[in-house]
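In the numbering used here, each residue's number is its place in the sequence shown (first place is 1) plus 563.
Glycine included, every Cβ here is placed at the ideal spot set by N, Cα and C.
These notes concern the structure reproduced below.
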Amino acid sequence: ELPYFLTLGPHSFYWFTLESADSEAKRVATAEAAAPEIVVRGPWEKALAHNRGTSQLERTLPGYLGQRRWFGGKARKILSTRITETVPITFDGRTAQLALVAVEYREGDPELYQIPFAFAVGEDADFLSEYRRDAVIARLRAQVDGGELEGVLCDATFDERFCAALLDVIARRRRASGPHGGIRSRRTRAFNRVRGPLEDTLKPSLLGAEQSNSSVVFGDRLILKLFRRLDPGVNPDYEIGRFLTDRASFHHVPPLAGAIEYSRKKGEPLTLAVLQGFIPNEGDAWSFTLDALDGYFERALTRPGEDSGVTLPEEPPIAHLQEEIPEHVEEKIGGFLEFARLLGQRTAELHMALASRPDEPEFASEPITAMYRRSLYQSSRTRVDQVLELLRRRLSDLPKESQEDARTVLELDSEIDRRLRVVVDEKVGGRRIRCHNDYHLGQVLFTGKDFLIMDFEGEPARPISERRLKRSPLRDVAGMVRSFHYAAVSALIGGRVRPEDIPVLKPWAEFWHHWVAVDFLNAYFEIAGEGNFLPTSPSGISALFDLCLIDKAMYEVAYELNNRPDWVGIPLQGILSLFADAAD
């Protein structure tokens, strides 16, 4: 869906989508009323220089970073920040500095972030200070040629001229150098088709719904994703996007048009940004699913007394492979089952494409060996231990309605271990391939008729070396099944239904999740079964899929405990549903 923007004056600074205007306004309103002030002797770029001691800017950055959505270290104590590199990007007679900022913490490993700096003066500075305080990093006074130039040091992504310059870097294969390295651009074979004629002006528009990255839409053709947190190595979003676009010709992803990399003489490159084709859409599959659940729950509440209940099968969804969906299920859930089948089909086609080139080492499948199965068990067992210990510590702080579920999950430790260990004892078979690795409804766009899969970078908090590992594709499948469960439960507790209706609708939500998962799995295995990467036996599929589901649910518990404790009940209920017999 193309964003719409507020026009606040004749300046080139942004703005936000109307869809996110309320949340964006709240975030801007909570920004510091007065940004810190920096004074430098010489041009404004001197503010970015790191000398023997910490500069004024580096002392300012921790406060700025803590307010950014894309900053992943909010829960950690920052010891210091250090600007390790600056690369100039010129545009319209001015220069921005693309900076790499190393962040040191009191505990844990350091992180590297990308911040493009620009200096705004005059009306541009007034505009940012008045309307976009979140773009302002500091007020700056630069003493130049016996005079003084006042303005604001800002994030350059809020300047459409800078964003246009980044597109030009890719379009014209430009390079730029800093003191320690330089940037270069890459273009895929799809660039000319997706970009269109270079003389066509594409107006850049910064998307307001920022997450771990910053995204800029160019007209109705392109979208540039600027990675904020950086890690050495090729970002999987670039690597997989290039493979699916140029090598596998998979058409259910946004086509990759290009990328920008930073590299030094030694060491692996850093992927700074990727450029993709912009596909008109109706939003992500998460929003589409919640809307479908609204209608489903409304129908459930209007059913007559003799048809007001549902019965849930005792077997898990994976036990219903190659079975026809009962007619009464089709009648109750309705048209969403068709979309679940289509999403299962697209997921399988994605995995078939990713496993289609055995001649390319980075994408050639590898066997799931006994040693790998043991490492799977060990890593999952370690995660379980860590999550249960965290759950134990936070138990008294949880919402009362979640405390009982948490205690039950804690009592399941030995049963969880027994279920995980099956993957070691069972000769699972199958192969490991490159996967999405962070697959859920929010990573899929709905076009109105079909689905497009996006965001292959994996979990940004994990190092790229880990995100590029080959895994069983059942990891992606389990992620989507868990996402269906999240949607069904969050539609109940997220204020979309009346509180008094929740007890009546809870079994309907479980019914919906079960049969939607069944239809998704059936469509997936019908197509993926033609590949060579799945276990050949039902018991092998069940053991590996079970481990992936448990592992994903445990990850969700840790995430919610650390970010949204009020939501921890969702993954806790998911775990209990996986161990229904043992919990009883």
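{"Item": "Nearest to Ser748 (by Cα), restricted to the options Val732, Asp857, Met915 and Phe926", "Value": "Val732"}
{"Item": "Integer-rounded CB distance, given that Leu875 should sit under 8 angstroms from Pro1070", "Value": "7 angstroms"}
{"Item": "Burial state of Gly1103, where buried means 16 or more other Cβ atoms lie within 10 Å", "Value": "buried"}
{"Item": "Cβ-Cβ distance between Ser942 and Leu1135 below 9 angstroms", "Value": "no"}
{"Item": "Beta-carbon spacing of Ala836, Phe790 below 9 angstroms", "Value": "yes"}
{"Item": "Nonlocal neighbours in the same chain, by C-beta distance under 6 angstroms from Ala701, ignoring five residues either side", "Value": "Ala598, Pro599, Ile601, Thr623 and Leu716"}
{"Item": "Between the CA atoms of Ala927 and Ile845 - distance to the nearest angstrom", "Value": "Checking the displayed sequence, the identity of residue 845 turns out to be Glu instead of Ile. Straight-line Cα distance between these residues: approximately 35 angstroms."}
{"Item": "Which of helix, strand or coil DSSP assigns to Tyr676", "Value": "strand"}
{"Item": "Helix, strand or coil at Phe902 according to DSSP, with G and I counted as helix", "Value": "helix"}
{"Item": "Neighbourhood of Ser1140 by C-beta distance below 8 angstroms, restricted to the same chain and skipping five residues each side", "Value": "His1048 and Glu1073"}
{"Item": "Counted within 10 angstroms of its Cβ, other Cβ atoms place Asp585 as buried (16 or more) or exposed", "Value": "Annotation note: pLDDT 43 at Asp585 (below 50); position unreliable, no value reported."}
{"Item": "Spatial distance of Met915 from Gly1094 (CA atoms)", "Value": "6 angstroms"}
{"Item": "Same chain only: Cβ atoms within 7 angstroms of Leu611, ignoring 5 sequence neighbours per side", "Value": "Leu620, Ile646, Thr649, Gln660, Ala662 and Phe680"}
{"Item": "Backbone CA spacing between His814 and Ser775 [nearest angstrom]", "Value": "25 angstroms"}
{"Item": "Cβ shell of Val920 (< 8 angstroms), same chain only, five flanking positions each side left out", "Value": "Per the sequence presented here, residue 920 reads as Arg, with Val not at that position. Contacts found: Phe806, Arg810, Ala811, Phe926 and Ala927."}
{"Item": "Contact between the region 1027-1034 and the region 1002-1016 (3+ Cβ pairs under 8 angstroms)", "Value": "no"}
{"Item": "The region 960-979 contacting the region 1124-1131, beta-carbon criterion three pairs below 8 angstroms", "Value": "yes"}
{"Item": "Glu923 to Ala705 span [Cα, whole Å]", "Value": "53 angstroms"}
{"Item": "Whole-angstrom C-beta distance between Pro767 and Glu723, which should lie under 8 angstroms", "Value": "5 angstroms"}
{"Item": "Those residues which DSSP pairs with Phe781 across a bridge", "Value": "Pro767 and Leu785"}
{"Item": "Nearest-angstrom beta carbon gap, Leu1004 and Thr852 [assumed within contact, 8 angstroms]", "Value": "6 angstroms"}
{"Item": "Buried versus exposed call for Gly804 [16 or more other C-beta atoms within 10 Å across all chains shown]", "Value": "buried"}
{"Item": "Rounded separation between Glu861 and Thr720 - CA only", "Value": "43 angstroms"}
{"Item": "Beta carbon of Val1007 nearer than 9 angstroms to that of Leu1084", "Value": "no"}
{"Item": "Inter-stretch contact at 8 angstroms, needing at least 3 Cβ pairs: the region 777-794 / the region 674-689", "Value": "yes"}
{"Item": "CA-to-CA distance, Ile1090 to Phe1096, given in whole angstroms", "Value": "12 angstroms"}
{"Item": "Whole-angstrom distance between Gly796 and Thr971, CA atom to CA atom", "Value": "42 angstroms"}
{"Item": "Status (buried if at least 16 other CB within 10 Å, exposed otherwise) for Asp800", "Value": "buried"}
{"Item": "Cβ pair Ser1046, Tyr1002 closer than 9 angstroms", "Value": "yes"}
{"Item": "N- and C-terminal bounds of the beta strand (DSSP E) containing Arg738", "Value": "Arg738 to Ser740"}
{"Item": "Asp1013 in three-state terms, based on DSSP", "Value": "coil"}
{"Item": "Closest by C-alpha distance to Ser1028, when choosing among Leu954, Asn1000 and Ile823", "Value": "Asn1000"}
{"Item": "Glu974 to Phe841 span [Cα, whole Å]", "Value": "48 angstroms"}
{"Item": "Three-state secondary structure (DSSP) of Leu1141", "Value": "helix"}
{"Item": "Sequence-distant residues of its chain with Cβ nearer than 6 angstroms to Lys589 (five each side left out)", "Value": "Summary for Lys589: the model assigns pLDDT 43, below 50, so the residue's position carries little reliability, and this model does not support an answer."}
{"Item": "Through-space distance from Gly898 to Asp1082, alpha-carbon basis", "Value": "12 angstroms"}
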